[in-house]
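In full-length UniProt numbering, the protein residues as written are 1 to 221.
The structure appears right after this line, and notes come after that.
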């Protein structure tokens, strides 16, 4: 059994809604500190606010790049990454260009991930591959790229795609990466049981907007 405190340290407490307000982000940060979540994950607009609220708290600030579709140009993603780090982001969740994946242009995908890594200045970079759109072969190629260019994590889903994460997604990514990168499971994680099943399959981080509910189902530790 995974206890409440241990589980909280694996969760990116998330609010990526387009309607999120200042008050929502303040509440998210307060909850993250109170419950010991690893990070908050918020839209780039709120990075500066979150970094001020979480200063010296031990809670990391995570934001998203090219979100949610991944179809921004490389220059735009580069600007987003640089600005996010300047504003205080500790972690960057990058949505890759799925159009280039479907075109077979993996060199472009490698270039954009490498560019964001160069601009990250030590920030953790997670590569969002959006598993609901991918074949197993495409997942394998993208995992290989993430490992080869030095990304820190492969992340399963944006939460805005055709489906959320599955246990099989995590197992496949673990098999492809062999433990050389972290695995962030995200998209539709709502219960303690689901969280545990994903961790047991190999997830090393969970992204969810239901962190408080998930912790309610966890045993005390």
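Ideal Cβ placement from N, Cα and C applies to all residues, glycine included.
>> I believe residue 127 touches residue 172 by the beta-carbon criterion, under 8 Å. Please report the beta-carbon distance rounded to the nearest angstrom.
In response: No, residue 127 and residue 172 are not in contact; Cβ-Cβ is about 15 Å, not under 8 Å.
> Can you tell which of 163, 133, 181 has the C-alpha that lies nearest to the C-alpha of residue 145?
Replying inline: 181
>> Would residue 142 and residue 96 qualify as a contact pair, given that the criterion is a beta-carbon distance under 8 Å?
In response: yes
>> I believe residue 119 touches residue 85 by the beta-carbon criterion, under 8 Å. Please report the beta-carbon distance rounded to the nearest angstrom.
In response: 7 Å
> Does the beta-carbon distance from residue 199 to residue 154 come in below 8 Å?
Replying inline: no
>> Given a cut-off of 8 Å on the beta-carbon distance, is the pair residue 167 and residue 188 in contact?
In response: no
> According to DSSP, which residues form a beta bridge with residue 61?
Replying inline: 40
> Counting pairs of Cβ atoms below 8 Å between the stretch 62 to 74 and the stretch 107 to 119, do you hit three or more?
Replying inline: yes
>> Mapping the DSSP letters down to three states, classify residue 35 as helix, strand or coil.
In response: helix
>> Taking only three categories from DSSP, how would you classify residue 160?
In response: coil
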